[in-house]
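Below is one structure, written out as structure tokens; the observations come after it.
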Amino acid sequence: MGCFHSKSTLHYTPGYEEPTVLAAETPFTVSEVEALYELFKRISSCIIDDGLIHREEFQLALFRNQKMENLFADRIFDLFDIKRNGVIEFGEFVRSLGIFHPNAPVADKMSFAFKLYDLRHTGYIEREELKEMVLALLHESDLVLSDDVVEIIIDETFSDADSKGDGRIDSEEWKEFVSRNPSLLKNMTLPYLMDITLAFPNFVVSSEVDDSEI
Amino acid sequence: TCLNAFDIISLSPGFDLSSLFEKD
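Structural data, given as structure tokens:
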């Protein structure tokens, strides 16, 4: 599955953006953006080698199975696909992963997680959405909970998070809830991103731009 | 119970992007 693209072909990849631009907008250095390009090319060439990550390629990279259906992976793909054109371009990949960087602002992580859970894009996390997500998790795991227990857990979650008591969690309530329960953001930080250049060193060796010049 | 619904959801492997960085 591995591939190597020379610098001369790199600039003709659709959706490619200059590492210096992406480094300026994200927590990554230029070298790290170039290392991410190596990862991006590997994922985006898994099925269709067109320089774009398709949903099936994203699933294949996550689960080693392109047919694997997963509500949360689907939601993450949709949020990475900022232009909503059905594919993830390189710039979208880097900007979205930037939110998962250990040094990214917590507010960005909170906002991303809120959008992830706001399944119907209403600006609120509603009870029905939360139950749908819990049931999806139970369906994909070996965890067995009775419907009564699920209802109790959702009731208690809402009584804790829905401080205005209107039956839905808005972004302000979400921020306050996460502040009291910071473990809810643990999936929003990827320690791998701190040493991405060690995992994907090829581009660092041939980097065109010295980070110290930026 | 201390378990909240978001803790349960966060257990999904679909949420774990670290597997993107694993090489075959």
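Keeping their order, the protein sequence lines are chains A and B.
Per this note's numbering, residue 26 is the first one in the first sequence, and the count goes up by one each step.
Per this note's numbering, residue 415 is the first one in the second sequence, and the count goes up by one each step.
Don't be surprised by glycine CBs; every beta carbon is placed ideally from N, CA and C.
Residue j beta carbon less than 8 angstroms from that of residue i
i, j, result
"A:LEU141", "A:ARG109", "no"
"A:MET213", "A:PHE137", "yes"
"A:LEU155", "A:LEU163", "no"
"A:LEU87", "B:SER433", "yes"
"A:GLU198", "A:ALA186", "yes"
"B:PHE420", "A:THR182", "yes"
"B:LEU417", "A:ILE178", "yes"
"A:PRO44", "A:GLU59", "yes"
"B:LEU431", "A:PHE125", "yes"
"A:GLU50", "A:THR222", "no"
Option nearest residue i by Cα separation, candidates the options
i, options, result
"A:ASN95", "A:SER166, A:HIS146 and A:PRO130", "A:SER166"
"A:PHE115", "A:GLY76, A:PHE202, A:VAL169 and A:LYS200", "A:GLY76"
"A:HIS146", "A:PHE183, A:ILE194 and A:LEU160", "A:ILE194"
"A:SER204", "A:VAL131, A:ASP180, A:SER184 and A:ILE124", "A:VAL131"
"A:ALA224", "A:LEU160, A:GLU63, A:SER69 and A:PHE139", "A:GLU63"
"A:ARG89", "A:ILE68, A:LYS189 and A:TYR41", "A:ILE68"
Bridge-paired residues (DSSP) for residue i
i, result
"A:VAL203", "DSSP lists no partner for A:VAL203."
"A:VAL112", "A:HIS79"
"A:GLU151", "A:ARG193"
Supposed contact pair residue j and residue i - C-beta distance, whole angstroms, cut 8 angstroms
i, j, result
"A:MET158", "A:LYS200", "About 19 angstroms; that fails the 8 angstroms criterion."
"A:ILE113", "A:PHE102", "7 angstroms"
"A:PRO207", "A:PRO127", "About 14 angstroms separates the two Cβ atoms, so there is no contact after all."
"A:LEU85", "A:ILE72", "7 angstroms"
Tell me whether the segment 78-91 of chain A and the segment 149-159 of chain A touch, counting them as touching only if at least three CB pairs, one residue from each stretch, are closer than 8 angstroms. Between the segment 78-91 of chain A and the segment 149-159 of chain A there are fewer than three C-beta pairs closer than 8 angstroms, too few to call the two in contact.
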